[in-house]
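Protein chains: 4
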Amino acid sequence: MMPLAGFDVGLDRSLFLIAGPCVIESETLAQETAGALKEMTEALGIHFIYKSSFDKANRSSGASFRGPGLEEGLRILGSVRATIGVPVLTDVHEDTPLGEVADVVDVLQTPAFLCRQTNFIQSVASQGKPVNIKKGQFLAPWDMKHVVAKARATGNDRIMVCERGASFGYNNLVSDMRSLAVMRETGCPVVFDATHSVQLPGGQGTCSGGQREFVPVLARAAVAAGIAGLFMETHPDPDRALSDGPNAWPLDRMRDLLATLIEIDRVVKAAGFAEG
Amino acid sequence: MMPLAGFDVGLDRSLFLIAGPCVIESETLAQETAGALKEMTEALGIHFIYKSSFDKANRSSGASFRGPGLEEGLRILGSVRATIGVPVLTDVHEDTPLGEVADVVDVLQTPAFLCRQTNFIQSVASQGKPVNIKKGQFLAPWDMKHVVAKARATGNDRIMVCERGASFGYNNLVSDMRSLAVMRETGCPVVFDATHSVQLPGGQGTCSGGQREFVPVLARAAVAAGIAGLFMETHPDPDRALSDGPNAWPLDRMRDLLATLIEIDRVVKAAGFAEG
Amino acid sequence: MMPLAGFDVGLDRSLFLIAGPCVIESETLAQETAGALKEMTEALGIHFIYKSSFDKANRSSGASFRGPGLEEGLRILGSVRATIGVPVLTDVHEDTPLGEVADVVDVLQTPAFLCRQTNFIQSVASQGKPVNIKKGQFLAPWDMKHVVAKARATGNDRIMVCERGASFGYNNLVSDMRSLAVMRETGCPVVFDATHSVQLPGGQGTCSGGQREFVPVLARAAVAAGIAGLFMETHPDPDRALSDGPNAWPLDRMRDLLATLIEIDRVVKAAGFAEG
Amino acid sequence: MMPLAGFDVGLDRSLFLIAGPCVIESETLAQETAGALKEMTEALGIHFIYKSSFDKANRSSGASFRGPGLEEGLRILGSVRATIGVPVLTDVHEDTPLGEVADVVDVLQTPAFLCRQTNFIQSVASQGKPVNIKKGQFLAPWDMKHVVAKARATGNDRIMVCERGASFGYNNLVSDMRSLAVMRETGCPVVFDATHSVQLPGGQGTCSGGQREFVPVLARAAVAAGIAGLFMETHPDPDRALSDGPNAWPLDRMRDLLATLIEIDRVVKAAGFAEG
């Protein structure tokens, strides 16, 4: 059990959700998406954190849309937070002015590719905000304990670990459900990223492809495996999304999916985990 | 929806179970295990098929216990079938006299390593019994449609496909939950093998290791992903089992696990599958 | 050092070659290909064994060409052997009458998918002919020692082990050059199969694709890593080959490639192997 | 053909070597190692660049030795450069003051984990020095063309690409020799890193393990596949090295290995590459 952004998370608490469009496309889109997600999660009794990126620093191609940038991005996230009344999360990178971001958001997130950058992980953890650390596609789940130890060495004890797929041959990822159980041993709440896990990295030439149709399959599986929280990117019109559309789940199909997931979550958390 | 062994199976029917000790160790063990499983599955409303092997033809080492052999094995399976009143399944190999086996058992099963042996798959399918075809550790899930086409070309339309893990580096398997959705496209009921999926092939030198603690994790995940049936090896005393003990689930912990799984199954099948 | 088919093979002997069309298409093709290969290998000082299959038992699709069958296939192999004066190798399967084949050919070969079938491996080894055992795509190289132990338990001490790629995600194989060194520990001559290693299993729907352009890359790499023998499928017109054309190396480009390979082989075997 | 550090590199030039201890341990060690390497490479006719790191920013554990830091590290590299008379290379990270490093070294190198960080790659390339870009363990070789395009967009046309192994299950890497041919299509000289390729990432708990015995196997294979340059970490006493000792090649065994490699390089570059 760990206090997160106004609520507690863990295997003895009900599932929480981190969701939003991959990148901040406009203030209107951000407000509308956050509002719709807040409404449906409240109705379902799911704690919710809004997620969106101000800068996609690691796009496959240098020509891809990267976002509104730091200043405008933070302004929009702050406005969503104030107007809609939801906690917000964004991802930071090695050249991000971390203090500026930490002043605005409730939760910081670190990219999978950077999970082994010691200075970076410690700088982010030092901001004193909860941190969601994505596991690298190249990392065994039991090796996340070393990453967590680095983060905690800063004195921050609100660290989460997040599975987002492991390299499986070229241009493909596989979600190893065992890793969700393995990473519990870090003592951190475990989050499953159901949308990046269906990416086909680099699979479409200058951008990464994705298999949206597997988002609900993996989300159901991960919730049944047993997780503290679920991460999903969503968009009102994924085919026109400016980043990661191929793996985003349509906003108008979120409510039904979440309704199933929260039911599974209740079943497995009431029954307890036979493995542990 | 497909008629199997006195009941119908499919995504619009509740979960069925194939379970039993990996290999036939003795008539007493077979009777007791089958009896216990029958009792608990009846109480939970789960259709049940008893599984055990008469010969483990592909052990890592030539010195391992292989089973009682064909004649004695079939006698015991027949006795379990008659005495306990449950359908029985066993696995066959290239040198198995198929007709003799098909005369006794309700369902035939083919080993994963042999899924690409055309003559063998067709010989087994020709026996007219339902067949559970295990997907090779080396095969992409979408390539099972070719295997199924070979089997169906014999006129047998009671073919099931079974996921039991994909090669993931050396001495390890990963269960790709996407494959359970992909294999639905064969039109066959999809089965998940929750115990061989946690094998560490060859991982203990002369025998394969296993990670029993992940059986419930993967079983819950697969049932939530959406399957027709679940395959699990079980034993009253796994540490003394003569084959595959490291990945068998203890018989006295089956009831609790099954109770959770059937609840998950009800949730996901009632809600429908958002992916398709 | 092991006596093979009239010559000795091993890391202290020069490279030998197993080559020919994947499947026996016609007697004329067999004679012409064997003749051309014999001439070029004699000129280069490479010991040569002609390879062709009489039946492709594990094609992706049930509708693919499988070969002339046992009787006609053995007749053609025998005729190549007598007329051209080269030793011949063919692959056998679980339902092959092994004695009939062993009466005609000099070397037996077992398919990768079947490397864990204990009865089969021992039946083949029992024929008393040298055996080339292909390592399964699902097997770690250090686990081949168990396979070799089963084969040797029959009293046959002319066993070779062959790398032909390891599963790497879906529809792809990777050739781990470390495995060529690891498998030396079996005490058996190690062979590298340079053409099946570039297969894309199942990658073209109803048949396996291949990346012919990588054959010379992998062949050079394997010879430099240090092997006893090289296996390559070749065809005068690979685009019209009836099996495995996409990964066959064109016959008219064999001489140049072999000339480079034998030079590399001389360099590395003269220098010795720094690793061991 | 590309001008590098006083010499030209490419498939039509003889093999060049990047070598040195993983991390700068002391000025004495640096001087002695560089001197020994210079002497042996001159004798063999191999162009040589000295490599050592001033800070290991991505160690598995936060408690590992990281190096002397920027200032002292650059001083030592500058002293090696001046005293021994060899070009020097070091790796940079996201928080490195790039200008200071570029003022001292001849070649910059970027870590594999950071190959998708657009800003970082472009900042490094903007320094105007040749850059060796290591391919991520999670990246398909054909996707390096996007990384190269980002680097070249800065106007720098002296970019090299470097294979150092691909994720292969957990705690293991595999060196796909095909990738050396695939990456030629970037137009950049291709380098093979023979020592990091034998790492077992995270495989020893708090540090990465390594399989030193496979260094010569992979080095020979890669040179025979055809590369512009080879990267190898070496140490006079690898078992006492302060970083990456398990995969370093002993300094006193370098000369023999290099002698074999340069012979293989001559054979394959004289013969030409049958694949392209």
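Chains as they are written, first to last, in our numbering: chain A, 13 to 288; chain B, 13 to 288; chain C, 13 to 288; chain D, 13 to 288.
Even glycine gets a Cβ: it sits at the ideal position worked out from N, Cα and C.
Would you list the residues sitting across from His315 of chain B in a DSSP beta bridge? Residue 315 of chain B is absent from the structure shown; chain B starts at 13 and stops at 288.
Counting only beta-carbon separations shorter than 8 Å, does Pro213 of chain C have a partner in chain B? For Pro213 of chain C, the answer is yes, since a Cβ of chain B falls inside 8 Å of its Cβ.
What is the residue span of the alpha helix (DSSP H) that Asn131 of chain A lies within? Thr130 to Ala137
Kindly indicate the opening and closing residues of the alpha helix (DSSP H) around His158 of chain D. Met156 to Arg164
Under the three-state reduction of DSSP, which class applies to Pro123 of chain A: helix, strand or coil? Assigned with DSSP and collapsed to three states, Pro123 of chain A falls in coil, not helix or strand.
Looking only at its own chain, which residues have a Cβ that is under 6 Å from the Cβ of Pro153 of chain A, when we skip the five neighbours before and after it? Ser191, Val194 and Met195
Less than 8 Å between the CB atoms is what I'm expecting for Gly90 of chain C and Phe66 of chain C, so what's the real figure, rounded? Not confirmed; about 11 Å, so no contact.
Cross-chain neighbours of Asn131 of chain C in chain B, by beta carbon under 7 Å: Ala69 and Asp107
Can you pull out the residues from the region 184-206 of chain D whose beta carbon lies closer than 9 Å to at least one beta carbon of chain F? No chain F appears in the structure shown, which is made up of the protein chains A, B, C and D.
Same chain, Cβ closer than 6 Å to His208 of chain D, five either side skipped, listed in chain order: Arg176
How would you call Arg252 of chain A, buried or exposed, if buried means at least 16 neighbouring beta carbons within 10 angstroms? If you draw a 10 Å sphere on the C-beta of Arg252 of chain A, you find fewer than 16 other C-beta atoms in it, and that means exposed.
Mind checking the region 249-271 of chain A against chain D and listing, in chain order, the residues whose C-beta falls within less than 9 Å of any C-beta there? none
Quick check: Arg164 of chain C and Pro142 of chain C, are their CB atoms within less than 8 Å of each other? no
For the region 50-78 of chain B, enumerate the residues whose C-beta is nearer than 7 Å to any C-beta of chain C, in chain order. Ala69, Asn70, Arg71, Ser72, Ser73 and Gly74
Taking any Cβ of chain B, which residues in the region 143-156 of chain C have a Cβ under 9 Å from it, in chain order? Gly148, Gln149, Phe150, Leu151, Ala152, Pro153, Trp154 and Asp155
What does the Cβ neighbour count give for Pro109 of chain D, buried or exposed, with the cut at 16 atoms within 10 Å? exposed
Top-ranked residue by Cα proximity to Ala282 of chain B, from B:Leu263, B:Val235 and B:Leu270: B:Val235
Does Leu27 of chain C get closer than 8 Å to chain D when you measure Cβ to Cβ? no
Starting from Ala31 of chain A and walking both ways along the beta strand (DSSP E), at which residues does that stretch end? Boundaries of the beta strand (DSSP E) around Ala31 of chain A: Phe28 to Gly32.
So within the region 181-248 of chain B, which uninterrupted beta strand (DSSP E) runs reach at least 3 residues, ignoring any that extend past its ends? Taking only runs of at least 3 residues, the beta strand (DSSP E) segments lying wholly in the region 181-248 of chain B are 202-205 and 241-247.
Identity of the residue in A:Ala161, A:Phe226, A:Leu185 and A:Cys34 nearest Leu101 of chain A by Cα: A:Cys34
If you draw a straight line from the alpha carbon of Lys63 of chain D to that of His105 of chain D, how long is it in whole angstroms? 15 Å
So that I know if they touch, is there some Cβ in chain B lying closer than 8 Å to that of Ile30 of chain A? no
Along the alpha helix (DSSP H) that carries Lys141 of chain A, what are the first and last residues, could you check? That residue, Lys141 of chain A, is in no alpha helix (DSSP H); it is neither H nor E in DSSP.
Could you say which of A:Leu254, A:Gly238 and A:Leu230 lies nearest to Met244 of chain A if we only look at CA atoms? A:Leu230
Interface partners of Arg128 of chain C on chain B, CB under 7 Å: Asn70 and Phe125
Taking one C-beta from the region 267-285 of chain B and one from the region 262-282 of chain A each time, how about it: are there three or more such pairs within less than 8 Å? Enough Cβ pairs lie closer than 8 Å, so yes.
Count the other CB atoms, across all protein chains shown, that sit within 10 Å of the CB of Thr122 of chain B; report buried if there are 16 or more and exposed otherwise. By the neighbour-count rule (16 or more Cβ atoms within 10 Å), Thr122 of chain B is buried.
Between Pro99 of chain D and Ile36 of chain D, how many whole angstroms is the CB-CB distance? I'm expecting something under 8 Å. Contact flag wrong, Cβ pair sits at about 16 Å.
Short of 8 Å Cβ to Cβ, which residues in the region 157-174 of chain A face chain D? His158, Ala161, Lys162 and Ala165
Three-state secondary structure assigned by DSSP to Lys310 of chain B: Nothing in the structure corresponds to residue 310 of chain B, since chain B is present only between 13 and 288.
I need the straight-line Cα distance from Arg1 of chain D to Ala271 of chain A, nearest angstrom please. Past the edges of chain D, shown from 13 to 288, lies residue 1 of chain D, and the structure says nothing about it.
What would DSSP say about Pro153 of chain C, mapped onto helix, strand or coil? Helix at Pro153 of chain C.
Quick check on Gly181 of chain A - is its C-beta less than 8 Å from some C-beta in chain C? yes
Buried or exposed for Ser38 of chain C, please, with buried defined as at least 16 other CB atoms from any protein chain shown within 10 angstroms of its CB. It is exposed - the Cβ of Ser38 of chain C has fewer than 16 other Cβ atoms within 10 Å.
Let me see if you follow: with CB-CB separation under 8 Å, is Ile36 of chain C close to chain D or not? No, because no Cβ of chain D sits closer than 8 Å to the Cβ of Ile36 of chain C.
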